[in-house]
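I have placed the structure first, in the form of structure tokens, so that the comments after it can refer back to it.
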Amino acid sequence: MAPLASAALLLAASAVVSAHFTLDYPPTIGFNDDKESIGPCGSFTPDFSKDNVTDFHVGGDNVAINLLHPQGTWLYRATLDQTATGNNWTQLHPETLQTGLGKFCQPAIAVPESWAGKKGVLGIVVDAPDGLLYQCASVNFVAGAATQNQSTCTNSSGVTASFVTDANLAPLAAGNDSAGDASASGTGSSGSTPTTTGTGSTGSSTKNAAPGRVGGSLPLGSVAGVVLAAMFGSAFMML
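Mature numbering (1 follows the signal peptide of the UniProt record, and there is no 0) puts the sequence shown at residues -19 to -1, 1 to 220.
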């Protein structure tokens, strides 16, 4: 029983420690879990000759993400700089606190109408318990608004969201990547207005948020406990 229990502990610890987030739609330009803290695109550089470039409607389009932390605050931004190396990002949506592990989709993230017909980079940043994490997508900005893609734009059961303010995301929201701190952690503590400065908290619920009450944060240790309990139970049943 001891070896099996030890294996369960190791697997559970590994699952919790390595958990970050994925950008599911539009398709990411690349994902490396160990380097997701390297901005602006999680250690990857956009390459429009090789990336899976998709159309993104300026009037609003789906952005689907999967958070593998119990809580995180999202920043949605974009740039017409196809290298994503400058400090000319535009914030697209109020900072949004997700509470609960799993899939979260915003069905109508809009960009300036004048961007239609141009190429650019969509950037997603989350302020998670282990710091700022980054993902990017290379896109063609097109006119009009997209409909919600029922196959990709879904919310996991129990996931809720609200507008917040987050001091760690404020420099990035202002387009200043050089001031961002990938080692910063947490999602703030107080505030209620969806602006780009201050410290984060639960505020007014987003119009695109998953239904339900916005709860408080769930410590990472609680998730580890749930995983461990499940795996120990499975290990015991196998004996």
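The beta carbon of each residue, even a glycine, is placed where N, CA and C say it ideally should be.
Where residue i sits in the DSSP three-state scheme
| i | result |
| --- | --- |
| residue 70 | coil |
| residue 193 | With a pLDDT of 32 at residue 193, under the threshold of 50, the predicted position of this residue should be treated as unreliable, though the coordinate-derived value follows. DSSP places residue 193 in coil when its eight states are reduced to three. |
| residue 103 | strand |
| residue 180 | Bear in mind that the predicted position of residue 180 carries a pLDDT of just 32, short of 50, making it unreliable; the figure below should be weighed with that in mind. Coil at residue 180, not helix or strand. |
| residue 1 | coil |
| residue 172 | Note that residue 172 scores a pLDDT of 37, beneath 50, so its modelled location is shaky; the value from the coordinates is reported in the next line. Residue 172: coil per DSSP, three-state reduction. |
Top-ranked residue by Cα proximity to residue i, from the options
| i | options | result |
| --- | --- | --- |
| residue 39 | 94, 28, 63 and 67 | 94 |
| residue 127 | 158, 43 and 27 | 43 |
| residue 142 | 75, 4, 30 and 32 | 75 |
| residue 96 | 5, 125 and 46 | 125 |
| residue 149 | 129, 131, 112 and 50 | 112 |
| residue 132 | 145, 45, 158 and 156 | 45 |
| residue 109 | 10, 152 and 82 | 82 |
| residue 157 | 145, 9 and 65 | 65 |
| residue 119 | 77, 41 and 10 | 10 |
| residue 100 | 25, 138, 151 and 37 | 37 |
| residue 5 | 151, 51, 130 and 31 | 130 |
Cβ pair residue i, residue j closer than 8 Å
| i | j | result |
| --- | --- | --- |
| residue 140 | residue 85 | yes |
| residue 67 | residue 2 | no |
| residue 12 | residue 20 | no |
| residue 63 | residue 27 | yes |
| residue 106 | residue 56 | yes |
| residue 34 | residue 121 | yes |
| residue 98 | residue 70 | no |
| residue 88 | residue 117 | no |
| residue 102 | residue 59 | yes |
| residue 29 | residue 77 | no |
Whole-angstrom C-beta distance between residue j and residue i, which should lie under 8 Å
| i | j | result |
| --- | --- | --- |
| residue 79 | residue 48 | 6 Å |
| residue 73 | residue 91 | 7 Å |
Item to check | Any alpha helix (DSSP H) of 4 or more consecutive residues that is wholly inside the segment 113 to 162 | outcome: 151 to 154
Checklist entry - Which whole runs of the beta strand (DSSP E) in the segment 5 to 49 are 3 residues long or more, in chain order? => result 35 to 38 and 42 to 48
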